[in-house]
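Notes follow the structure.
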Amino acid sequence: MPHAEATATIATDADTLWRVAGDFGSVGAWHPWLTSTSTDGAEPGARRTAIAADGSQQIEQLVHIDPANRYYRYTMESTPLPVADYVAEFRIDPIDGSSCVIRWTADFRATSGQEADAVDTVQSFLAAGVEELRQRHA
20 MPHAEATATI
30 ATDADTLWRV
40 AGDFGSVGAW
50 HPWLTSTSTD
60 GAEPGARRTA
70 IAADGSQQIE
80 QLVHIDPANR
90 YYRYTMESTP
100 LPVADYVAEF
110 RIDPIDGSSC
120 VIRWTADFRA
130 TSGQEADAVD
140 TVQSFLAAGV
150 EELRQRHA
(Lines of atoms letter the chains of each structure in order from A and count residues from 1; the text may use other names and numbers.)
(Lines give C-alpha, C1' and ligand atoms only; values in the text may rest on other atoms or scores of the structure.)
Protein backbone atom coordinates (compact mmCIF):
# COMPACT_ATOMS: atom_id res chain seq x y z
CA MET A 1 0.00 0.00 0.00
CA PRO A 2 1.49 3.38 -0.95
CA HIS A 3 2.49 5.76 1.83
CA ALA A 4 3.03 9.52 1.77
CA GLU A 5 4.39 11.59 4.63
CA ALA A 6 5.30 15.20 5.30
CA THR A 7 7.03 16.44 8.44
CA ALA A 8 8.49 19.71 9.63
CA THR A 9 9.87 21.22 12.78
CA ILE A 10 7.82 24.26 13.73
CA ALA A 11 9.11 27.09 15.91
CA THR A 12 6.09 27.22 18.20
CA ASP A 13 4.88 25.04 21.03
CA ALA A 14 2.68 22.05 20.23
CA ASP A 15 -0.41 23.30 22.08
CA THR A 16 -0.37 26.66 20.28
CA LEU A 17 -0.07 24.99 16.88
CA TRP A 18 -2.82 22.52 17.77
CA ARG A 19 -5.17 25.43 18.53
CA VAL A 20 -4.47 26.76 15.01
CA ALA A 21 -4.41 23.53 12.99
CA GLY A 22 -5.90 20.76 15.13
CA ASP A 23 -9.55 21.45 14.44
CA PHE A 24 -10.72 18.98 11.77
CA GLY A 25 -12.34 21.82 9.83
CA SER A 26 -9.44 24.28 10.01
CA VAL A 27 -7.39 22.96 7.07
CA GLY A 28 -9.16 25.27 4.62
CA ALA A 29 -7.89 28.27 6.58
CA TRP A 30 -4.22 27.37 6.24
CA HIS A 31 -3.66 24.92 3.38
CA PRO A 32 -2.58 26.84 0.25
CA TRP A 33 -4.27 24.43 -2.18
CA LEU A 34 -7.71 24.80 -0.56
CA THR A 35 -10.12 27.69 -0.80
CA SER A 36 -12.48 26.49 1.92
CA THR A 37 -13.68 23.65 4.08
CA SER A 38 -16.93 22.93 5.83
CA THR A 39 -17.66 20.32 8.48
CA ASP A 40 -20.74 18.85 10.07
CA GLY A 41 -19.12 18.34 13.48
CA ALA A 42 -15.92 17.72 15.38
CA GLU A 43 -16.43 14.20 16.72
CA PRO A 44 -15.66 10.87 15.05
CA GLY A 45 -18.09 10.40 12.18
CA ALA A 46 -18.00 14.09 11.24
CA ARG A 47 -17.53 14.86 7.57
CA ARG A 48 -15.33 17.56 6.09
CA THR A 49 -15.81 18.88 2.56
CA ALA A 50 -12.65 20.49 1.19
CA ILE A 51 -12.82 22.72 -1.89
CA ALA A 52 -9.61 23.07 -3.90
CA ALA A 53 -8.51 26.14 -5.84
CA ASP A 54 -9.51 24.39 -9.10
CA GLY A 55 -13.08 23.93 -7.79
CA SER A 56 -12.78 20.20 -7.16
CA GLN A 57 -13.94 18.84 -3.85
CA GLN A 58 -13.25 15.90 -1.64
CA ILE A 59 -15.21 14.58 1.31
CA GLU A 60 -13.38 13.17 4.30
CA GLN A 61 -14.62 11.53 7.49
CA LEU A 62 -13.10 11.94 10.93
CA VAL A 63 -12.35 8.51 12.38
CA HIS A 64 -10.54 9.37 15.62
CA ILE A 65 -9.46 12.55 17.39
CA ASP A 66 -7.30 12.87 20.51
CA PRO A 67 -6.84 16.55 21.42
CA ALA A 68 -4.77 15.69 24.53
CA ASN A 69 -2.18 14.00 22.32
CA ARG A 70 -2.77 16.40 19.41
CA TYR A 71 -3.72 14.07 16.58
CA TYR A 72 -6.62 12.97 14.44
CA ARG A 73 -7.19 10.27 11.82
CA TYR A 74 -9.56 10.50 8.87
CA THR A 75 -10.60 8.63 5.74
CA MET A 76 -11.38 9.88 2.26
CA GLU A 77 -14.94 9.17 1.16
CA SER A 78 -14.98 10.99 -2.18
CA THR A 79 -12.15 12.55 -4.16
CA PRO A 80 -11.10 13.31 -7.71
CA LEU A 81 -7.67 11.88 -6.85
CA PRO A 82 -6.83 8.41 -8.19
CA VAL A 83 -6.87 6.85 -4.70
CA ALA A 84 -9.03 4.52 -2.62
CA ASP A 85 -8.88 3.13 0.91
CA TYR A 86 -7.25 6.41 1.96
CA VAL A 87 -6.46 6.77 5.67
CA ALA A 88 -4.54 9.81 6.91
CA GLU A 89 -3.23 11.00 10.24
CA PHE A 90 -2.45 14.57 11.27
CA ARG A 91 -0.25 14.82 14.36
CA ILE A 92 1.61 17.51 16.30
CA ASP A 93 4.28 16.29 18.74
CA PRO A 94 6.19 18.52 21.17
CA ILE A 95 9.96 18.75 21.00
CA ASP A 96 10.33 21.17 23.90
CA GLY A 97 8.41 24.14 25.28
CA SER A 98 8.98 26.28 22.20
CA SER A 99 8.96 23.93 19.20
CA CYS A 100 7.16 20.90 17.82
CA VAL A 101 7.08 18.47 14.92
CA ILE A 102 4.10 18.22 12.63
CA ARG A 103 3.54 14.89 10.85
CA TRP A 104 0.89 14.36 8.21
CA THR A 105 0.77 10.85 6.78
CA ALA A 106 -1.47 8.96 4.38
CA ASP A 107 -1.80 5.34 3.32
CA PHE A 108 -3.94 4.48 0.31
CA ARG A 109 -4.39 2.35 -2.76
CA ALA A 110 -3.79 3.86 -6.21
CA THR A 111 -6.78 3.32 -8.50
CA SER A 112 -5.34 4.53 -11.77
CA GLY A 113 -2.57 2.00 -12.09
CA GLN A 114 -0.21 4.95 -11.80
CA GLU A 115 0.99 4.44 -8.24
CA ALA A 116 3.95 6.82 -8.56
CA ASP A 117 1.69 9.65 -9.77
CA ALA A 118 -0.78 9.08 -6.94
CA VAL A 119 2.01 9.08 -4.36
CA ASP A 120 3.50 12.26 -5.84
CA THR A 121 0.14 14.05 -5.77
CA VAL A 122 -0.68 13.06 -2.19
CA GLN A 123 2.88 13.76 -1.05
CA SER A 124 2.79 17.21 -2.65
CA PHE A 125 -0.53 18.03 -0.98
CA LEU A 126 0.67 16.98 2.47
CA ALA A 127 4.00 18.78 2.04
CA ALA A 128 2.33 22.02 0.91
CA GLY A 129 0.19 22.08 4.04
CA VAL A 130 3.04 21.29 6.42
CA GLU A 131 5.29 23.87 4.76
CA GLU A 132 2.58 26.54 5.01
CA LEU A 133 2.27 25.93 8.74
CA ARG A 134 6.05 26.01 9.13
CA GLN A 135 6.28 29.35 7.31
CA ARG A 136 3.40 30.89 9.27
CA HIS A 137 5.04 29.95 12.55
CA ALA A 138 8.70 30.62 11.71
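Note that this note's numbering has the sequence shown beginning at 20, numbered continuously upward. For each residue, glycine too, the CB sits at the ideal point set by N, CA and C.
State the DSSP-derived secondary structure class of residue i, mapped to helix, strand or coil.
| i | result |
| --- | --- |
| P113 | strand |
| L145 | helix |
| S36 | In the sequence as presented, Ser is not what sits at residue 36; that position holds Leu. Helix at L36. |
| E62 | coil |
| Q133 | coil |
Can you round the beta-carbon distance between residue i and residue j to whole angstroms, since I take them to be within the 8 Å contact cut?
| i | j | result |
| --- | --- | --- |
| V106 | R92 | 7 Å |
| Q76 | A69 | 6 Å |
| H22 | D115 | Not confirmed; about 28 Å, so no contact. |
| S57 | G41 | At roughly 17 Å, the Cβ-Cβ gap does not stay under 8 Å, so S57 and G41 are not in contact. |
| P113 | D59 | P113 to D59, Cβ: 30 Å. No contact. |
| V149 | A129 | That pair is no contact at about 22 Å. |
Per DSSP, what are the beta-bridge partners of residue i in this structure?
| i | result |
| --- | --- |
| R89 | Partner(s): none; R89 has no beta bridge. |
| V102 | A129 |
| M95 | E79 |
| L53 | A71 |
| V120 | T28 and D112 |
In the DSSP assignment, find the unbroken alpha helix (DSSP H) run with residue i in it and report its ends.
| i | result |
| --- | --- |
| A48 | V46 to W49 |
Between which two residues does the beta strand (DSSP E) carrying residue i extend?
| i | result |
| --- | --- |
| H156 | Taken as a continuous stretch (DSSP letters only), H156 belongs to no beta strand (DSSP E), as it is neither H nor E. |
| A27 | H22 to I29 |
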